[in-house]
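Novice: Pasting a structure here, questions to come.
Numbering (the numbering used here), first residue to last: 2 to 366.
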């Protein structure tokens with residue numbers, strides 16, 4: 002048996018008629034840039050989250066950069082980011098001229114360790130980026146409380162957490178501003194790049210939309226230099242179709258995660274920890290295991306695809322060697338670089354596929 006890491010073909014097959022019709026409508030209406038399909042998705046996604054404003058962007062990285070820019074963060078400022086996440090999080094900070102300040106992660110949830118946050122705040126700190134990594138909500142209450150205490154902003158990087166909830170509230174509505182990615186492999190993925198920015202603040206929404214569209218207030222009227230980062234009509238129409246299925250897909254992911262965790266119980270493999278206040282969506286099902294590289298190679302021989310998210314924690318990337326960080330600065334993130342392993346996870350994964358993955362793991366370990 003072969004088990005893919007993700008199966009986008011299976012997802013498309015289940016909604017083919019809806020997707021094909023949506024794409025045909027966009028082409029028929031020639032609504033490729035901006036237009037009614039983008040507006041429709043922005044309204045639908047905002048309503049789904051319980052948010053006031055949604056601004057479609059070209060991709061999730063752009064959305065993050067625009068969010069930081071809209072908050073007025075730039076040269077000389079600092080932004081706290083978790084030590085383990087995709088580089089887009091810290092890259093968006095430096096793209097605005099600010100400095101990323103890394104904070105170690107919690108050993109069980111892999112998100113920001115809230116007990117360490119206060120020690121990272123300086124007079125130059127302007128924001129905290131709370132990443133909801135792997136579809137697991139960050140512990141937002143203490144993050145928001147600390148930010149309010151120090152007069153700084155909270156940005157939610159929700160690229161991997163569409164539909165996740167923290168204490169019953171949708172991720173993306175808990176901070177000052179939030180961003181999402183619609184990269185094809187995401188839980189809510191387009192058929193190309195796409196992203197969105199979410200906020201309840203009308204001023205931030207207006208400024209963000211202007212930044213994303215060349216600083217424009219009217220046709221050929223630009224009050225500052227912005228950028229070109231707009232969600233296109235084709236991707237918006239596809240996302241509107243997929244949004245209708247997101248909750249059922251999220252539930253399927255949770256059921257798959259439960260099957261994995263129950264089957265791995267009693268083994269040396271450490272399954273994901275889910276706090277009581279979290280309703281995760283398992284963008285990734287990440288375990289910890291000894292001899293990770295060898296295990297991954299053996300799984301591949303058995304036809305099981307897997308991944309590592311991420312093999313090098315941000316502070317130790319060559320891109321940030323100028324900061325001179327050492328393993329003792331971020332011991333948890335450094336240790337997990339060698340032990341985390343992402344197993345196949347997608348809504349259409351079958352019980353037989355899960356059983357095969359678990360049996361393969363047990364045979365190896």
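Just so it is clear, CB atoms sit at the ideal spot from N, CA and C, and this is done for glycine as well.
Mind checking whether residue 57 and residue 231 have CB atoms under 8 Å apart?
Specialist: As a first step, residue 57 is located in the chain shown; it is residue number 56 there, counting from the start. As a first step, residue 231 is located in the chain shown; it is residue number 230 there, counting from the start. Yes, the pair counts as a contact, with Cβ atoms nearer than the cut-off.
Novice: How is residue 149 classed by DSSP in three states: helix, strand or coil?
Specialist: Your numbering for residue 149 matches position 148 in the chain shown. In the structure shown, residue 149 sits in a helix (DSSP, three-state: H, G or I).
Novice: Would you mind stating whether residue 195 and residue 112 have Cβ atoms separated by less than 8 Å?
Specialist: Your numbering for residue 195 matches position 194 in the chain shown. Your numbering for residue 112 matches position 111 in the chain shown. Going by C-beta atoms, residue 195 is not nearer than 8 Å to residue 112.
Novice: Have a look at the DSSP bridge pairing and note the partners of residue 83.
Specialist: The residue labelled residue 83 in the question sits at position 82 within the chain shown. DSSP, once it has assigned bridges, lists 104 as partnering residue 83.
Novice: Rounded C-beta distance between residue 198 and residue 96? I'm assuming under 8 Å.
Specialist: Position 197 of the chain shown holds residue 198. Position 95 of the chain shown holds residue 96. So it is not a contact: roughly 15 Å between Cβ atoms.
Novice: At which residue ranges does the region 262-302 contain complete alpha helix (DSSP H) runs of 4 or more residues, listed in the order of the chain?
Specialist: 293-302
Novice: Where does residue 170 fall in DSSP's three states?
Specialist: Start at 1 with the first residue of the chain shown, and residue 170 comes out as number 169. Three-state result, residue 170: strand.
Novice: For the alpha helix (DSSP H) holding residue 306, just list the boundary residues, first then last.
Specialist: Translated into positions along the chain shown, residue 306 becomes position 305. Segment: none, residue 306 is in no alpha helix (DSSP H) and carries neither H nor E.
Novice: Between residue 258 and residue 173, is the Cβ-Cβ spacing less than 8 Å?
Specialist: Counting from one through the chain shown, the residue named residue 258 turns up at place 257. Counting from one through the chain shown, the residue named residue 173 turns up at place 172. Contact flag unset, no.
Novice: Start and end of the alpha helix (DSSP H) containing residue 69?
Specialist: Numbered from its first residue, the chain shown carries residue 69 at position 68. For residue 69, the enclosing alpha helix (DSSP H) stretches over residues 61-71.
Novice: By Cβ distance below 7 Å, which residues in the same chain neighbour residue 125 in space, the five residues on each side in sequence not counted?
Specialist: Residue mapping note: residue 125 aligns to position 124 of the chain shown, counting from 1. For residue 125, where only same-chain residues beyond five positions count, the Cβ hits under 7 Å are 77, 78, 79.
Novice: Are the CB atoms of residue 161 and residue 135 within a distance shorter than 8 Å?
Specialist: Residue 135 sits at position 134 when you count from the first residue of the chain shown. Residue 161 sits at position 160 when you count from the first residue of the chain shown. The Cβ-Cβ distance between residue 135 and residue 161 falls below 8 Å.
Novice: Between 325, 298, 312, which has its C-alpha nearest residue 335's C-alpha?
Specialist: Within the chain shown, numbered from 1, the residue matching residue 335 stands at position 334. Among 325, 298, 312, the Cα nearest to that of residue 335 belongs to 312.
Novice: What is the DSSP secondary structure of residue 157, counted as helix, strand or coil?
Specialist: Numbered from 1 along the chain shown, position 156 holds the residue referred to as residue 157. Strand, per DSSP.
Novice: With distance defined between alpha-carbon atoms, name the residue in 176, 200, 350, 236 nearest to residue 48.
Specialist: Walking along the chain shown from the start, residue 48 turns up at place 47. When only C-alpha atoms are compared, the closest one is 200.
Novice: Is the CB-CB distance between residue 4 and residue 306 below 8 Å?
Specialist: As a position in the chain shown, residue 4 is number 3, starting the count at 1. As a position in the chain shown, residue 306 is number 305, starting the count at 1. Yes, the Cβ-Cβ distance between residue 4 and residue 306 is below 8 Å.
Novice: So, is residue 105 buried or exposed, given that buried needs 16 or more other C-beta atoms within 10 angstroms?
Specialist: Numbered from 1 along the chain shown, position 104 holds the residue referred to as residue 105. Looking at its Cβ environment, which holds 16 or more other Cβ atoms inside 10 Å, residue 105 is buried.
Novice: Tell me whether the region 244-254 and the region 337-356 touch, counting them as touching only if at least three CB pairs, one residue from each stretch, are closer than 8 Å.
Specialist: Touching, per the Cβ criterion.
Novice: Do residue 241 and residue 22 come within 8 Å of each other at the CB atom, strictly closer than that value?
Specialist: Within the chain shown, residue 22 is the residue found at index 21, counting from 1. Within the chain shown, residue 241 is the residue found at index 240, counting from 1. No. Outside cutoff.
Novice: Run through the DSSP bridge pairs and tell me what residue 57 is partnered with.
Specialist: Taking the first residue of the chain shown as position 1, residue 57 is located at position 56. DSSP lists 197 as partners of residue 57.
Novice: Hey, residue 102 and residue 131 are a contact pair by Cβ (cut 8 Å); roughly how many whole angstroms apart?
Specialist: The residue labelled residue 102 in the question sits at position 101 within the chain shown. The residue labelled residue 131 in the question sits at position 130 within the chain shown. Not quite, the Cβ-Cβ distance comes to about 14 Å (not below 8 Å), so this is no contact.
Novice: Distance, Cα to Cα, residue 207 vs residue 66?
Specialist: If you number the chain shown from 1, residue 207 lands on position 206. If you number the chain shown from 1, residue 66 lands on position 65. Spanning the alpha carbons of residue 207 and residue 66 requires a straight line of approximately 15 Å.
Novice: Which residue's Cα is closest to the Cα of residue 366: 91, 297, 343?
Specialist: As a first step, residue 366 is located in the chain shown; it is residue number 365 there, counting from the start. Of the candidates 91, 297, 343, the one whose C-alpha sits nearest the C-alpha of residue 366 is 297.
Novice: Residue 17: which of 158, 344, 167, 246 sits nearest, CA to CA?
Specialist: The count along the chain shown starts at 1 and reaches residue 17 at position 16. A check of alpha carbon separations from residue 17 across 158, 344, 167, 246 identifies 246 as the nearest.
Novice: Pull up the distance between the alpha-carbon of residue 213 and that of residue 68, whole angstroms please.
Specialist: Locating residue 213 in the chain shown gives position 212, where the first residue counts as 1. Locating residue 68 in the chain shown gives position 67, where the first residue counts as 1. Roughly 10 Å between the two C-alpha positions.
Novice: Expressed to the nearest angstrom, what Euclidean distance is found between the alpha-carbon atoms of residue 123 and residue 84?
Specialist: Along the chain shown, one-based indexing puts residue 123 at 122. Along the chain shown, one-based indexing puts residue 84 at 83. C-alpha separation (whole angstroms): 18 Å.
Novice: Can you tell me which residues form a DSSP beta bridge with residue 178?
Specialist: In the chain shown, residue 178 corresponds to position 177, counting from 1. In the DSSP output, where bridge partners are listed per residue, residue 178 has 156, 200.
Novice: Classify residue 7 as helix, strand or coil using the three-state DSSP reduction.
Specialist: On the chain shown, position 6 is the one that residue 7 refers to. Coil.
Novice: Do the region 270-285 and the region 165-179 meet, that is, are 3 or more Cβ pairs less than 8 Å apart?
Specialist: The count of Cβ pairs closer than 8 Å, one atom from the region 270-285 and one from the region 165-179, reaches three, so the stretches are in contact.
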